[in-house]
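J.:
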Amino acid sequence: MLRLQLEGQRKEVAEAVRWLDDEDRQLLSLWWLEVAGELTRRELAAAVGISRQHAAVRVQRMKARLETARGIVRALDSSCSDLGRVTARWSGRPDSVWRKRIARHIRDCARCDGDAVPGEVVVPAERLLVGLALVPVPVGFTLSLAFGGKTAAAATVATASAGWSAKVLGVLTKPAVAVTAGATMVAGGAYVVTQPPGERHPQVAPTALSTARAPVAAAPRAPAPTASRSASPPPSLSASPSATEKADPYGTVVDAVDRAPDPDTPPAALPRRPESGITSSGGPRTVMNHRGERVTFTGEGYVLVRWQISPQYRPGGLVMPSWTGLKGRLFHVASGGGRRMDDPVSADGRTSGMGGPATGYTVLPDGTQQMWQNEFFYLDGTVTVTQNERGADYGITVAPSTWTAVTEDLAHGPDRGAIRYGLVRDNGKDSAPVPQYVTREEPQDPATVAQRSRV
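Residues 1 to 455 (full-length UniProt numbering) make up the sequence shown, in order.
1) Pair every Cβ in the stretch 346-366 with every Cβ in the stretch 401-409, then say whether three or more of these pairs are closer than 8 Å.
2) Which residue marks the beginning of the alpha helix (DSSP H) containing S29, and which one marks its end?
3) What does DSSP give as the partner residues of Y250 in its beta bridges?
4) Per DSSP, I396 forms a beta bridge with which residues?
5) Just to confirm my understanding: we take G71, look at its own chain, exclude 5 residues before and 5 after, and list those with CB closer than 8 Å. What are they?
6) Quick one: what does DSSP say R454 is sitting in, helix, strand or coil?
7) With DSSP as the reference, label W19 as helix, strand or coil.
8) What does DSSP give as the partner residues of L423 in its beta bridges?
9) Straight-line CA distance for A411 to Y437?
10) Report all residues from its chain with a CB closer than 6 Å to the CB of V204; omit the five preceding and five following residues, and keep chain order.
11) Identify whether A447 lies in helix, strand or coil by the three-state DSSP scheme.
12) Please classify E375: is it buried, with 16 or more other beta-carbons within 10 angstroms of its beta-carbon, or exposed?
13) Can you name, in chain order, every residue of its own chain whose Cβ lies under 6 Å from the Cβ of V123, other than the five neighbours on each side?
14) Whether or not the stretch 381-400 and the stretch 266-273 are in contact is what I'm after, with contact meaning three or more pairs of Cβ atoms, one per stretch, closer than 8 Å; do they touch?
15) Starting from E375, trace the beta strand (DSSP E) in both directions and tell me its first and last residue.
16) In terms of DSSP beta bridges, what is T368 paired with?
17) Give me the Cα-Cα distance between T159 and R99, rounded to the nearest whole angstrom.
18) By the 10 Å Cβ neighbour count, where 16 or more other Cβ atoms means buried, how is P446 classified, buried or exposed?
19) Taking the alpha carbon of P357 as the point to measure from, which residue in S280, A47, Q312 has its own alpha carbon closest?
20) According to DSSP, is T362 helix, strand or coil?
21) Following the continuous beta strand (DSSP E) through G277, name the residue where it begins and the one where it ends.
22) From Y378 to V59, what does the alpha carbon distance come to, in whole angstroms?
Here it is as structure tokens:
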């Protein structure tokens, strides 16, 4: 049902774009690339020729007009007799005059001023554009995009100014954008509709509680198998693995999408792995807020990655950090910090650490495991973690940690003011899960590391 609702609202956005003025459609073309993670807000502002602050205002106004246009599309599909009288002389061609007239009617009409189909939540445009985008391209260009198997088709739209064309071309021909987006320019003003076909993802060995991805709001908190708090010492690591264990060597289990556990269930005991200590090229604690910032960890012990997602600054598609140049072993051992980032924090359940109706939402790549506030890893060797911010605004803080610190973090639950207890993922064996986006290679662009780690 959710999939059908999303498809319907994506078509609604496609129709709504026709009601925007040329200037808004041009800005939408860049904002879509930002949402898709192919442009930064700085690059968007440069293409438009304004400051980042002014760009933020322009984008917000454009989004507001897009939402108004979506309301018009919904109203025109309704059976409002009053609206029928208002549009009796309308030719059927969208323009600014009729947009204002119909919008005025919607504001004054109880029937038309509603949210989509009764009982259906209107999904913010940025969440819809991750799956379907309308990219108006300036005169003289068609933008052909191929994002991870998506297909593109072009159709003619209104003419734009030569000045705008030059600015956008300057941004889209930057190597980082042109290569990543697979952009080519040919004659003819156009907009591009990109829609993913039925995508097939490689099968992933699920981690604990693995299931299909839920909507942005956390999955319903159904009772989970009880894991009692144990006073017994943590399980020791076996020196002689069984035949079953030999069939599950390191790297065969990779993180996958999983359902939030019962928030009131205390964590299982965290297996204690050897700790000789971790050194960091960034010092005791490193905050990484910008694309390209990286830290190399070396040694034997635990590593903390703490998330800060900022949809209030820039929502949209998030490009995950990646782990490169791995020598040795890296495991994803636990998740904590008192909450998953998609845990609701508002009474209506629509606002979470991933965003809300007022700010827009940060959207993870399809198939990416939902992060918690704190993620914990165990390293035996060397690895570099890189911040790959494109699109959605986020930051991560990374630091060496200890088994004791991880255990204490996981134990903070609702009885101490947290939303939920932490989750232990480590089984103490080589079959413990490996994080996504890990490689032993050292690619020129760490953002190209595959989601399905092969180590």
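Virtual Cβ for every residue (Gly too), placed ideally from N, Cα, C.
T.: In short:
1) In short, these stretches do not touch, since the Cβ pair count stays below three.
2) Taking the first residue of the sequence shown as 1, we reach residue 29 at position 29. The continuous alpha helix (DSSP H) containing S29 extends over residues 22-35.
3) In the sequence shown, the residue the question calls residue 250 occupies position 250. DSSP, once it has assigned bridges, lists no residue as partnering Y250.
4) Within the sequence shown, residue 396 is the residue found at index 396, counting from 1. Beta-bridge pairing by DSSP links I396 to M288, W307.
5) For the purposes of this step, residue 71 is taken as the residue at position 71 of the sequence shown. Correct list, in chain order: A103, I106, C112, D113.
6) As a first step, residue 454 is located in the sequence shown; it is residue number 454 there, counting from the start. For R454, the three-state secondary structure derived from DSSP is strand.
7) By 1-based counting over the sequence shown, the position of residue 19 is 19. Of the three classes helix, strand and coil, the one that applies to W19 here is coil, per DSSP.
8) Numbered from 1 along the sequence shown, position 423 holds the residue referred to as residue 423. The secondary-structure analysis by DSSP pairs L423 across a beta bridge with S335.
9) Position 411 of the sequence shown holds residue 411. Position 437 of the sequence shown holds residue 437. Distance between the alpha carbons of A411 and Y437 is about 28 Å.
10) The residue labelled residue 204 in the question sits at position 204 within the sequence shown. Since pLDDT at V204 reaches only 43, below the 50 mark, its modelled position is unreliable, and no value is offered.
11) Translated into the one-based positions of the sequence shown, residue 447 becomes position 447. Reduced to three states, the DSSP call for A447 is helix.
12) Position 375 of the sequence shown, counted from the first residue, corresponds to residue 375. E375 comes out buried.
13) Taking the sequence shown and counting its residues from 1, one reaches residue 123 at position 123. Cβ neighbours of V123 beyond the five flanking positions: Q9.
14) Segments in contact, no.
15) Residue numbering aside, residue 375 sits at position 375 when the sequence shown is read from its first letter. Counting along the chain, the beta strand (DSSP E) containing E375 begins and ends at 372-386.
16) By 1-based counting over the sequence shown, the position of residue 368 is 368. Within the DSSP bridge table, the entry for T368 names no partner.
17) Numbered from 1 along the sequence shown, position 159 holds the residue referred to as residue 159. Numbered from 1 along the sequence shown, position 99 holds the residue referred to as residue 99. Low local confidence applies: a pLDDT of 39 at T159 is under 50, so the model's placement there is unreliable, and no value is given.
18) Counting from 1 along the sequence shown, the entry for residue 446 is found at position 446. Only buried fits P446, as 16 or more other CB atoms lie within 10 angstroms of its CB.
19) Counting from 1 along the sequence shown, the entry for residue 357 is found at position 357. When the alpha-carbon of P357 is set against those of S280, A47, Q312, the nearest one is in Q312.
20) For this step, residue 362 is matched to residue 362 along the sequence shown. Strand, per DSSP.
21) Position 277 of the sequence shown, counted from the first residue, corresponds to residue 277. It spans 277-280 - the beta strand (DSSP E) in which G277 sits, taken as one unbroken run.
22) As a working mapping, residue 378 is identified with position 378 in the sequence shown. As a working mapping, residue 59 is identified with position 59 in the sequence shown. Each residue's alpha carbon lies about 41 Å from the other.
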